[in-house]
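In UniProt numbering, the protein residues as written are 1 to 326. Ideal Cβ positions, reconstructed from N, Cα and C, are used throughout, including at glycine. Computed from a prediction, not measured in an experiment: that's the story for all the values here.
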Amino acid sequence: MQHRNYSIDVFRLLGAFSVVTLHVKYGDLYNPAVLAIRGLGRYAVPFFFLISGYLFFNNVTSRGDKQFSLTLRNLLSILLAADLMYFLVGIFVDSPLLDEPPLSFPTIANGLSGHLWFMGSMIFGYVVLNYLFNKLDDRFLLVAAISTYAFVLANDAYTSLLHITPAKEASRFFVSISFLTIGYLLNKHNITSKVPLWLAVLVTLFGFFLQTAEIVLLYKYTGASPHNQEFLFGTALFAVGLILIATKLQLSTDNIFARIGRKYSLLIYLYHPLFILAIFSFIDIAAWGGGWLYLVAPLLTFVVCLGTLMLIEKLSPKVFKLLNGL
């Protein structure tokens with residue numbers, strides 16, 4: 001019987017906060033500080049894919065092949081619930097969150113709000129892996145994961161350097177395959193027990209600094225905006241290093257941070273843009289003086305979002321279950 005490692009849930013909470021730091025507006029905050037904040041949070045989406053793949057191995061081990069259909073059904077219901085929520089917001093509020101017409105292909109594939117591409121990519125990733133897991137051995141799976149990420153890089157950060165036309169939708173769709181697979185293989189082969197904690201920390205730090213160097217060099221030689229880089233070589237190492245740390249720490253007892261991460265991290269990811277829109281429609285940080293006060297923005301958004309989700313769970317458990325796709 002496998003025992004839950006609660007440090008993973010704590011890191012999921014950290015990942016949810018990191019996603020918020022990527023999406024809030026920082027006004028006239030010192031630009032290098034903004035770049036540093038967003039650079040520190042850039043690992044979050046790959047990290048969530050890695051965690052999903054890592055935990056998926058446990059579920060497949062205990063439930064067998066039917067876990068694929070259970071996972072896909074749950075993800076589809078979560079995406080539909082999020083789409084419904086954003087559609088209702090779009091009806092009653094002139095919302096910039098609705099990026100595409102409701103019946104367009106990007107909407108069907110990625111959801112009604114741009115950040116929901118994560119869910120569409122996750123669904124696509126599991127569909128592909130359901131096929132690959134039955135066709136390829138683990139060595140070829142790893143090669144496929146690395147090759148897919150090379151394709152993602154070519155269609156994202158390195159398009160200007162390679163002089164190719166970017167296909168951002170394609171890169172977002174395929175990135176899940178890489179990290180779901182790597183997370184799955186990390187757990188299957190128990191890599192955590194073979195990698196010392198100091199090496200996991202070293203991989204994390206190296207990944208962050210490599211990511212930073214890539215951003216700077218791409219801006220210098222191609223003019224690519226440092227604010228718009230999603231996936232880089234260093235980002236992958238940054239995320240892999242953090243999942244190694246999370247699984248290596250082996251926290252065997254539950255705590256409040258683990259419970260919050262387990263229950264609310266995905267919902268914070270899905271719905272934090274609504275809170276950004278609502279909060280900063282009423283609060284003008286620039287009027288308070290701006291600058292370094294913008295550091296309050298991600299923390300305020302995170303706390304209000306989390307508090308609201310807790311309140312919904314307490315007052316209307318059925319609505320909370322609906323949001324979770326249950």
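Contact belief for residue i with residue j at Cβ below 8 Å, rounded distance in angstroms
i                : j                 : result
serine 193       : tyrosine 6        : Between tyrosine 6 and serine 193 the Cβ distance is about 18 Å, and since that is not below 8 Å, they are no contact.
residue 363      : phenylalanine 231 : An answer regarding residue 363 cannot be provided, because it is not within the stretch 1 to 326 covered by the chain.
isoleucine 8     : asparagine 324    : Incorrect: roughly 18 Å between the Cβ atoms, too far for contact.
phenylalanine 17 : phenylalanine 257 : Rounded, the Cβ-Cβ distance is 11 Å, inconsistent with contact.
Chain-order list of residues whose beta-carbon lies under 6 Å from that of residue i (same chain, five-residue window excluded)
i                : result
phenylalanine 11 : Ala246
threonine 309    : What sits at residue 309 in the sequence shown is leucine, not threonine. Tyr264, Leu267.
isoleucine 243   : Leu50
tyrosine 219     : Pro226
leucine 311      : none
Closest by C-alpha distance to residue i, when choosing among the options
i            : options                       : result
glycine 53   : Ser178, Gln250, Leu13, Leu84  : Ser178
cysteine 305 : Trp288, Leu266, Gly290, Ile78 : Leu266
valine 127   : Thr61, Leu323, Val89, Leu75   : Leu75
tyrosine 149 : Tyr221, Leu22, Phe49          : Phe49
leucine 22   : Leu14, Asn31, Pro32, Ile37    : Ile37
leucine 205  : Val19, Glu169, Gly39, Phe320  : Gly39
Residues of its chain near residue i, where Cβ-Cβ distance is below 7 Å and the 5 sequence neighbours each way are ignored
i            : result
leucine 210  : Phe233, Gly234, Leu237
arginine 172 : Trp117, Ser121
leucine 103  : Only weak support is given to the placement of leucine 103: the predicted model assigns it a pLDDT of 48, under 50, and the value that follows is read from those uncertain coordinates. Once the five neighbours on either side are set aside, leucine 103 has no close Cβ partner at all.
valine 34    : Tyr26
leucine 141  : Leu132, Thr181, Leu185
leucine 299  : none
Cβ neighbours of residue i in the same chain (closer than 8 Å, five flanking residues each side left out)
i                : result
leucine 136      : Ala144
leucine 29       : Gly290, Gly291, Trp292, Tyr294, Leu295
phenylalanine 92 : none
glutamine 67     : Phe56, Asn59, Val60
alanine 157      : Glu214, Leu218, Ala224, Gln229, Glu230, Phe231, Leu232
Boundaries (first-last residue) of the alpha helix (DSSP H) holding residue i
i              : result
alanine 135    : Checking the sequence, you will find lysine at residue 135 rather than alanine. 117-135 is the span of the alpha helix (DSSP H), which, as asked, contains lysine 135.
aspartate 28   : From DSSP, aspartate 28 is part of no alpha helix (DSSP H); its letter is neither H nor E.
tryptophan 198 : 197-222
proline 226    : Looking at the DSSP string, proline 226 is not in any alpha helix (DSSP H), and its letter there is neither H nor E.
arginine 262   : 256-282
glycine 241    : 233-249
glycine 90     : 66-92
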